[in-house]
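Visitor: This is the structure I have questions about; it appears just below.
Protein chains: 2
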Amino acid sequence: MENFVFYSPTYFLFGKNEEEKAGKYVRRFGGSKVMVHFGGGSVKRSGLLDRVEASLAAEGIAYVELGGVRPNPRSGLVYEGIELCRREGVDFILAVGGGSTIDSAKAIAAGVVYEGDFWDYYQDKPVEKALPVGTVLTIAAAGSEGSPDSVITKEDGMFKRGASGEALRPVFSILNPALTQTLPPYQTACGITDIMAHLLERYFTNTKDVEVTDRLLEGLLLTMVHEAPRVIADPDNYEARANIMWAGMMAHNNSCGVGREQDWASHAIEHELSAVYDCAHGAGLAVVFPAWMTYNMKHDINRFAQLAVRVWGCQMDFAHPEVTAKAGIDSFQRFLKSIGMPVDFAELGAKEDDIPAMAHNACYGDGGCGEIGGFVKLKEQDVVNIYKLMI
Amino acid sequence: MENFVFYSPTYFLFGKNEEEKAGKYVRRFGGSKVMVHFGGGSVKRSGLLDRVEASLAAEGIAYVELGGVRPNPRSGLVYEGIELCRREGVDFILAVGGGSTIDSAKAIAAGVVYEGDFWDYYQDKPVEKALPVGTVLTIAAAGSEGSPDSVITKEDGMFKRGASGEALRPVFSILNPALTQTLPPYQTACGITDIMAHLLERYFTNTKDVEVTDRLLEGLLLTMVHEAPRVIADPDNYEARANIMWAGMMAHNNSCGVGREQDWASHAIEHELSAVYDCAHGAGLAVVFPAWMTYNMKHDINRFAQLAVRVWGCQMDFAHPEVTAKAGIDSFQRFLKSIGMPVDFAELGAKEDDIPAMAHNACYGDGGCGEIGGFVKLKEQDVVNIYKLMI
């Protein structure tokens, strides 16, 4: 195991009606003037925004609103938010929504207290200072509610890039599984795929002797395998929603990924798809991950076989472990299809002609060094080959 | 899943040589006058105490020492520590040792800033205020390095009782697996048993639909099953030590036990054994837990069968699930024996004649209500029966 630091000081409130405490926790964590950040109209229509704002008012906390966050959140709205926060003297940002809203809130929080262009942080500058961010989560997926990360798409060039830093961990996050019950099955499945991808990015490692994190990651994957069909069959299943929601946080706060090299090439490959076609991140990952696995299986057959046996219940073929490894990938792909995820370029609306540009961008775009991935180092031609497996 | 709060703001530094940063992190978390708290001479003989104190000196931080913590830490030393801290104007306590040292440090930290008797906290008063505590961990076992708990034995009556409160979470904990390599096999096995007991106390629950925490707890149990024989065979196996050390923290910081009722009767039953016979807590648990399981198996056969199948690799007997459940308990007991743990009263040096008094104390001692356990509510006669299964 490699040396590591783990620091996850987010205060989690989990369960029914917990969003009613938002105002109390903004107060506890020092907020006196809040920007409430959200996406489209669904949090308004559902009455969630009203409830959250009523809890701020009950604490005598002033607030301004900034809506309009869209999936694959954009830099334009971040600049607008930074302006608004400075003009209004905002000292706390409360994100009400999913990963996109939280990531946008984090970008604004970092940008408000930074003299330069916030995009610097999305080009490898660690975030050391930001306004405090609280969240009320409405979709189990990104894990941004407990992570030190944010992903933003820069409209000028459509680059999708990430920033990171302990200052980006939310000070509190409210996770009420009931708020996710209104999500349509497709978005629910996208969230489930995103969570599984976060686990697999950590799972594929060259670090030896990492039984504890292997077992934790497998445990969370098994949870998704168990809960996904239940929630797709019955979107109102609170218990399945609850298990998925905590798994989504645990998948990405990194307590299960510490001390091991991680991969993250599939995320880079997917980011091009969602930047170019504006598809849901989870849907893109459903197409990318099995292709990435097939292409890289030979790098460590036994790791793929372990996943197949422990998570997908495949029988180990001791004479031909590659058969087991492949059976695991097939099981994963069948699972993704069964919950309604796309399996290829056609279903995503992606085009073969765009492959060279996307592969180039994934490897070199906006400051890239030409190589992606920790488990297998992929060059541009490898990425081309992986995209071709998705056709 | 039940509603819950999860807040674990401890800063973890994990890996080789990390203890050299102790001074830096005391500084970061506001300490200017430290009490270094430790147990016997082993931290002196190994040079660890010198290294830690050198790191304080390098930061210009003054310190006083208080050694002498023993396993099953006593209230007498806590009172002494409180006096010392007040006299010396200590504002930070640095525990260098195992769970006993950390628990003693937590008790002192709470007592220093409390006007009443610190023992009040060990009689159900939540700890809301304490000096900051940092830890340099030397044994993977108690999980106190990441927990809000402390267990102390009151010499007057030999009551062993716990206190809890968010203020008791260490502000930082340094986990260097290499520091545990000098532990003798018996103490190592006691630590492993303690970790598994923390997982099982959470595993046995009446809360339904808790797949995510079930799977995480099983993952950590599987880690112990894999790593324990490796470390018993080769105490210098750094990688096995590392996996066990992170599992020990994860087992008890409660990220894998949230939202579910827990049991904890076995701990109460064991506390009498270690209070009366001063045996190692882990050794006591090795004797208690299989007996508790055998006695309570019928309460939820399928939960015991699930554990047997998922952790112990037993074949499910669908016609007779109780056979599978029993096979799991047998596997657990064989495992404990294989790592050198005692299996009965005789090996512990416990006496049948003491059973009535211990059962009474476990249920009623020092303010008890006459009933223990969340999974199965045990009365005094039940506890007598469970002790008798250990003869």
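The listed protein sequences correspond, in order, to chains A and B.
Residues 1 to 391 (the working numbering) make up the first sequence, in order.
Residues 1001 to 1391 (the working numbering) make up the second sequence, in order.
No residue lacks a Cβ here, since even glycine has one placed at the ideal position from N, Cα and C.
Bear in mind that the values here come from a model prediction, so they are computed numbers and not experimental data.
Given that a residue counts as buried once 16 or more other Cβ atoms are within 10 Å of its Cβ, and exposed if not, what is ASP1149/B?
Guide: Counting every other CB atom within 10 Å of its CB across the protein chains shown gives ASP1149/B a total of 16 or more, marking it as buried.
Visitor: Could you please give the first and the last residue of the uninterrupted alpha helix (DSSP H) stretch that includes ALA107/A?
Guide: 99 to 112
Visitor: Closer than 8 Å by beta-carbon distance: list the chain B residues that pair up with LYS16/A, in chain order.
Guide: Neighbours of LYS16/A on chain B, chain order: ASN1003.
Visitor: Among ILE1093/B, PHE1159/B and LEU1273/B, which residue has its Cα nearest to the Cα of GLY1030/B?
Guide: Nearest option by C-alpha distance: ILE1093/B.
Visitor: Going by the beta-carbon positions, is the gap between TYR1122/B and GLY1068/B smaller than 8 Å?
Guide: Result no, Cβ atoms of TYR1122/B and GLY1068/B do not sit closer than 8 Å.
Visitor: Take every Cβ of the region 1158 to 1175 of chain B, pair it with every Cβ of the region 1105 to 1124 of chain B, and state whether three or more of those distances are shorter than 8 Å.
Guide: Contact holds: three or more Cβ-Cβ distances are below 8 Å.
Visitor: Taking any Cβ of chain B, which residues in the region 239 to 257 of chain A have a Cβ under 7 Å from it, in chain order?
Guide: GLU239, ALA242, ASN243, TRP246, ALA247, MET250 and SER255
Visitor: I need the straight-line Cα distance from GLY1146/B to THR1324/B, nearest angstrom please.
Guide: 34 Å
Visitor: Let me know if ASP156/A comes out buried or exposed under the rule of 16 or more other beta-carbons within 10 Å of its beta-carbon.
Guide: exposed
Visitor: Under DSSP, the beta strand (DSSP E) around THR1135/B begins and ends at which residues?
Guide: 1133 to 1137
Visitor: Would you mind telling me which residues of chain A sit closer than 9 Å to PRO1170/B, beta carbon to beta carbon, in chain order?
Guide: Going along chain A, no residue has its Cβ under 9 Å from PRO1170/B, so there is no contact; the nearest lies around 12 Å.
Visitor: Which of the three DSSP states is assigned to ALA62/A in this structure?
Guide: strand
Visitor: Our contact map puts THR1193/B next to LEU1084/B with C-beta atoms below 8 Å; I'd like the distance itself, whole angstroms only.
Guide: With a Cβ gap of about 33 Å, THR1193/B and LEU1084/B do not count as contacting.
Visitor: Can you tell which of ILE1174/B, VAL1034/B and GLY1060/B has the C-alpha that lies nearest to the C-alpha of GLY1089/B?
Guide: VAL1034/B
Visitor: ALA1275/B and PHE1159/B: beta carbons closer than 8 Å?
Guide: yes
Visitor: From the DSSP output, in three-state form, read off GLY81/A for me.
Guide: helix
Visitor: With 16 as the cutoff for other CB atoms within 10 Å, does LYS1326/B come out buried or exposed?
Guide: buried
Visitor: Hey, how far is the Cα of GLU272/A from the Cα of ASP382/A?
Guide: 15 Å
Visitor: Can we say the region 1131 to 1138 of chain B touches the region 1170 to 1180 of chain B, given the rule of at least three CB pairs closer than 8 Å?
Guide: yes
Visitor: What runs of the alpha helix (DSSP H), each 4 residues or longer, lie entirely inside the region 15 to 62 of chain A?
Guide: 22 to 28, 42 to 45 and 48 to 58
Visitor: With a threshold of 8 Å, are at least 3 pairs of Cβ atoms found where one atom belongs to the region 303 to 319 of chain A and the other to the region 203 to 218 of chain A?
Guide: yes
Visitor: Straight-line CA distance for PRO1290/B to ILE1329/B?
Guide: 6 Å
Visitor: Using only the alpha-carbon positions, how far apart do GLY1313/B and VAL1225/B sit?
Guide: 11 Å
Visitor: How would you list, in chain order, the residues of chain B whose beta-carbon sits under 9 Å from the beta-carbon of PRO9/A?
Guide: Think of a sphere of 9 Å around the beta carbon of PRO9/A: the chain B residues whose beta carbon falls inside it are TYR1007, SER1008, PRO1009, THR1010 and TYR1011, in chain order.
Visitor: Which residues, in chain order, does the region 200 to 222 of chain A contribute to contact with chain B at a C-beta distance below 9 Å?
Guide: Answer set for the region 200 to 222 of chain A: LYS208, ASP209, VAL210, GLU211, VAL212, THR213, ASP214, ARG215, LEU216, LEU217, GLU218, GLY219, LEU220, LEU221 and LEU222.
Visitor: Alpha carbon to alpha carbon, how far is GLU1258/B from TRP292/A?
Guide: For the sequence presented, residue 1258/B should be read as Val rather than Glu. The straight-line gap from Cα to Cα measures roughly 34 Å.
Visitor: Give the secondary structure of ILE1093/B by DSSP, where H, G and I count as helix, E and B as strand, and everything else as coil.
Guide: strand
Visitor: I'd like to know if ASP41/A contacts chain B, where contact means its C-beta is closer than 8 Å to some C-beta of that chain.
Guide: What sits at residue 41/A in the sequence shown is Gly, not Asp. It does not: the Cβ of GLY41/A has no partner Cβ on chain B nearer than 8 Å.
Visitor: For PRO1073/B, count neighbouring Cβ atoms within 10 angstroms of its own Cβ and tell me buried if that reaches 16, exposed if not.
Guide: buried
Visitor: DSSP puts LEU1273/B in a beta bridge; with which residues?
Guide: Under the DSSP definition of a beta bridge, LEU1273/B lacks any partner.
Visitor: Straight-line CA distance for TYR203/A to PHE318/A?
Guide: 22 Å
Visitor: With a threshold of 8 Å, are at least 3 pairs of Cβ atoms found where one atom belongs to the region 1245 to 1261 of chain B and the other to the region 1002 to 1016 of chain B?
Guide: Two segments are said to touch when three or more pairs of C-beta atoms, one from each, lie closer than 8 Å; by this definition the region 1245 to 1261 of chain B touches the region 1002 to 1016 of chain B.
Visitor: Using C-beta distances below 8 Å, list every residue in its chain close to GLU2/A, excluding the 5 sequence neighbours before and after it, in chain order.
Guide: THR207, GLY259, ARG260 and GLU261
Visitor: Are THR180/A and THR153/A close, meaning C-beta to C-beta below 8 Å?
Guide: Pairing THR180/A with THR153/A gives a Cβ-Cβ distance that is not under 8 Å.
Visitor: Throw me the rounded Cβ distance for the PHE38/A and LEU49/A pair, which I believe falls under 8 Å.
Guide: Yes, PHE38/A and LEU49/A are in contact; Cβ-Cβ is about 6 Å, under 8 Å.
Visitor: Does GLY1367/B get closer than 8 Å to chain A when you measure Cβ to Cβ?
Guide: no
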